[in-house]
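In UniProt numbering, the protein residues as written are 1 to 107. Glycine included, C-beta positions come from ideal geometry on N, C-alpha and C. A short worksheet on the structure shown next.
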Amino acid sequence: MNAPVLIVKKLPAAGMAIFPFILLKSAAFKNDQEIINHEKIHLRQQLELLVFPFYILYLLNYLINLIRYKKHNLAYRNIVFEKEAYTHETDLNYLKKGNWYGWIKIR
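Pasting the structure below:
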């Protein structure tokens, strides 16, 4: 999956996926295969849910987690979509293996 990469210097994170783009805080991250893979996993999650529902579920999951954990970092890291992306970001063949809807299987 080739996605257009945009550099957004004021991005609040190293990377972000907003279909169909990968946004990076710095051009240096273009060479970071793990960040790129992490964001590509998010792009596929967005496709799996036909894009817009992904953002709704992402936000709802974060808000529920924020109530549960009471800390932003814990809430963010426990979003099911982030769990899948962080778990598999080092596996550069993960998306090629066809693991569709992998975020459902993550606990």
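Cβ neighbour criterion (16 or more within 10 Å) applied to residue i
i: N61; result: buried
Three-state class that DSSP yields for residue i in the structure shown
i: I41; result: helix
i: F52; result: helix
i: L23; result: strand
i: A17; result: strand
i: V8; result: coil
i: L60; result: helix
i: N2; result: coil
i: W100; result: coil
Residue i versus residue j - alpha carbon distance
i: N37; j: K30; result: 11 angstroms
i: F52; j: M16; result: 15 angstroms
i: residue 119; j: K97; result: Residue 119 cannot be examined here, being either before or after the span of the chain that is shown, 1 to 107.
Neighbourhood of residue i by C-beta distance below 8 angstroms, restricted to the same chain and skipping five residues each side
i: Q33; result: L92
i: M1; result: K40, L43, R44, L95
i: T87; result: I106
Residues near residue i by beta carbon distance below 6 angstroms, same chain, minus five either side
i: K105; result: none
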